[in-house]
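Notes to accompany the following structure.
In this note's numbering, the protein residues as written are 3 to 259.
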């Protein structure tokens, strides 16, 4: 990887004109121009073993895509484009931590996608800040936090804990035993093909749409201070499967799949 260097181009022109013997007129022109760093491609890949069962992923801007590896190794690829400082991908010696950084200083820009293929059965923690996160057939105890990015999960198993402020949460074909979602303004959609043991959604402003297998009974608690609540599953307070959906202004729908 080549490190981009800033180039400052300074053009100075001075013109002096002296007119007559009684006085002088001086004109000076100073022009300073800065070149914008050129766009460059970025491509990084690595394969490594993970010591233990924990994997932590941290990034502020890179889009994160996670799927299950066909072997016991962690496979990492980051690609995209940038201007200015070269993006960095750091992997700890034991393979348990990944950090991806992009720089936006001094007219820089960064458009990077991070692709991970991870072994099944991990404790996976993703801190995405403003990044979008996509999980595909991930079997893990997964925790995702992001302030502005969306979270999409398809075919997830294990457990899933999502915290976001502005992003939407879209979970389809889920087989998780436990789901916990906490968001402020985003919409939450859950389509579960396997009856979960517990579902908890706290959604302050956005709507929440939950679809669960119809064959099971659920202990449902769904409340919204200002939004409508529609429950179309069998609500049994004695059921060991709990569903708790709360909102201040959003609508809540709990339907049979």
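The beta-carbon is built from N, C-alpha and C at its ideal position, and this holds for glycine as well.
Note that the structure is predicted; figures quoted are calculated from it, not measured.
Within 8 Å, strictly: CB atoms of residue i and residue j
i           : j           : result
residue 178 : residue 158 : yes
residue 117 : residue 62  : no
residue 200 : residue 180 : yes
residue 263 : residue 120 : In the structure as shown, the chain starts at 3 and stops at 259, and residue 263 therefore has no counterpart that could be examined.
residue 247 : residue 235 : no
residue 132 : residue 65  : no
residue 219 : residue 193 : no
residue 83  : residue 113 : yes
residue 183 : residue 164 : yes
Endpoints, beta strand (DSSP E) assigned at residue i
i           : result
residue 251 : It is not in any beta strand (DSSP E) - residue 251 carries neither H nor E in the DSSP assignment.
residue 84  : 75–85
residue 96  : Taken as a continuous stretch (DSSP letters only), residue 96 belongs to no beta strand (DSSP E), as it is neither H nor E.
residue 238 : No beta strand (DSSP E) contains residue 238, which DSSP labels as neither H nor E.
residue 111 : 111–120
residue 135 : 135–138
residue 160 : 159–166
residue 37  : Neither: residue 37 is in no beta strand (DSSP E) and is coded neither H nor E.
residue 71  : Per DSSP, residue 71 belongs to no beta strand (DSSP E) and is neither H nor E.
Sequence-distant residues of the same chain with beta carbon closer than 6 Å to residue i, five excluded per side
i           : result
residue 124 : 55, 57, 142
residue 85  : 39, 41, 110, 111
residue 167 : 149, 186
residue 244 : 200, 221
residue 59  : 100, 128
residue 96  : 53
8 Å contact criterion, which residue i and residue j should meet: CB distance rounded
i           : j           : result
residue 172 : residue 154 : 5 Å
residue 139 : residue 70  : 5 Å
residue 231 : residue 215 : Incorrect: roughly 20 Å between the Cβ atoms, too far for contact.
residue 174 : residue 202 : Residue 174 to residue 202, Cβ: 19 Å. No contact.
residue 146 : residue 160 : Wrong, their Cβ atoms sit about 13 Å apart, outside the cutoff.
residue 93  : residue 51  : Contact doesn't hold; Cβ gap of about 11 Å is too wide.
residue 211 : residue 191 : 5 Å
residue 249 : residue 226 : 4 Å
Cβ shell of residue i (< 7 Å), same chain only, five flanking positions each side left out
i           : result
residue 189 : 170, 208, 209
residue 106 : 112
residue 233 : 222, 224, 256
residue 252 : 205, 207, 208, 209, 210, 226, 229
Close Cβ partners of residue i (< 8 Å) along its chain, the five nearest in sequence each way excluded
i           : result
residue 258 : 213, 214, 215, 216, 234, 235
Chain B contact for residue i (CB, 8 Å cutoff)
i           : result
residue 222 : Protein chain content of the structure displayed is limited to a single chain, and chain B is not contained in it.
> Unbroken beta strand (DSSP E) runs of length 3 or more, entirely within the stretch 184–222: which are they?
Replying inline: 190–194, 200–205, 210–214
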